[in-house]
Amino acid sequence: MPSSSPASLSRRNFNAWMASAAAVAGAGHAALWSRPAGAAEPQLISKLRIVIPANEGGGWDQTGRALGAALLASGAAGEVVYENIGGKGGTIGLAKYVEKYDADPDTLLMSGMVMVGAVALQKPPVTMAQVAPVARLTSDYEVVAVKADSPIKTPKDLIAQLRADAAKTIIAGGSAGGVDHMYAGMLARVAGNTAGLVYQPYPGGAQVVEALITGKAVAGISGFSEFSEGLSSGKLRAIGVSSKRPFLGIPSVREQGVDADLANWRGVLTGKKVPPERKAVLLEAVHRATAADVWNKTIKRNNWDSFWMAGKDFESFLELDLAMAGPMIYLLKLKA
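Numbering (the working numbering), first residue to last: 92 to 427.
Printed below as a string of structure tokens:
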């Protein structure tokens, strides 16, 4: 294996490249949820719908249902219903949300980096410019896993195989254009063979695990929560994680000599036609939910990183993420 890679890429480097084109705004709005100590917490929403643009069981579904449970536990909402609309990295759910709930003051849409990438890759008629940000909730990291008996032991082994025979080094992950696909593209770029990447998208983590176990894929990329059962059972083995430092006992890909780090994020959006005063109520309800014990227990159980962001900060973050996705998809030569 060559002693150095011909190219390397990390989200950190890419952000630096894009900094000249976009600047993140300063502090967000003053907190809307402050109230005197000891004051009763009123119910803010009698019935809330959470649209989850993915099938049941995946990361968006887990996050959406955890948020719903926390909204109920905190008393912010009296009833919560869920609507799963899966397909194409959330773009189908996004389009149906805009069509049905654009002016609905009692409906939230789960979103995240997967949707940002899918929109950039697929260029659908309905984009994230047609919804409004409420809050970012979590960060999650990409785990690179292989079958337990795989000869690939480290990220450098995977890079070497991508250089030697990319066509047979199939990498499985979530939707085309999503965060799993982006990270696979980063690894292929480090290997100097972005054009040769063979990426197989699946609708959920369970199918990625199956592809690894049955030998349909050489490596898989997904969130830790979606690989956790396969890892604990000994059927899979993690070779690295996309964080900058070790995570849950898994060494980072970067610290093993492959410069490629990336953090996924998940959050909630609302309709463009929802009045500002109602958006403020939705924001307060979501913020209260994230302070509930049930939410924090779910964060720990699923090994997510809590990452609250709202107001101008989240608007500016999302604007930068959207601006960055297109060039990143092009640079990594990702294909639908």
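Yeah, the Cβ is synthetic: ideal placement off N, Cα and C, and Gly gets one too.
What you are looking at is a predicted structure, and each value in this text was computed from that prediction instead of being measured.
CA-CA distance, residue i and residue j?
i	j	result
Val225	Gly203	12 Å
Ala427	Glu301	22 Å
Thr305	Ala239	12 Å
Ile141	Pro246	38 Å
Lys307	Leu288	15 Å
Lys335	Ala194	40 Å
Thr154	Phe315	14 Å
Gly402	Arg227	10 Å
Leu322	Val365	43 Å
Ala263	Glu132	46 Å
Leu373	Gly184	20 Å
Gly362	Gly311	34 Å
Gly295	Val309	17 Å
Val359	Gly348	35 Å
Ala164	Ile136	13 Å
Val207	Ala416	7 Å
Ala297	Glu147	11 Å
Asp231	Leu212	21 Å
Ala236	Ala329	4 Å
Glu375	Gln252	49 Å
Quick check on DSSP: helix, strand or coil for residue i?
i	result
Pro366	coil
Val207	helix
Asp396	strand
Ala416	helix
Thr218	coil
Ser202	strand
Leu139	strand
Ser407	helix
Compare the C-alpha of residue i against each of the options and name the closest.
i	options	result
Gly331	Asp412, Asp350, Lys191	Asp350
Ile243	Arg369, Ala371, Pro216, Leu327	Leu327
Ala286	Lys424, Met206, Leu278	Lys424
Tyr173	Val189, Thr198, Lys187, Ala164	Thr198
Asp271	Leu162, Gln252, Pro292	Pro292
Tyr274	Val205, Leu339, Glu147	Val205
Met201	Gly150, Ala160, Pro215, Glu190	Gly150
Glu406	Ala164, Ala220, Ala209, Asn175	Ala220
Val299	Phe318, Asn393, Pro337	Phe318
Thr218	Leu413, Lys391, Ser343, Ala279	Leu413
So the alpha helix (DSSP H) residue i belongs to, where does it begin and stop?
i	result
Ala164	150-165
Ala186	182-192
Could you pull the start and end residues of the beta strand (DSSP E) that residue i belongs to?
i	result
Gly177	Element bounds for Gly177: n/a, residue is neither H nor E.
Beta strand (DSSP E) runs wholly inside the segment 226-306, at least 3 long, in chain order: The segment 226-306 is shown to contain whole beta strand (DSSP E) runs of 3 or more residues at 262-264, 290-292, in chain order.
Tell me the start and end of each unbroken alpha helix (DSSP H) in the segment 304-382 that is at least 4 residues and wholly inside, in chain order. 315-323, 367-381
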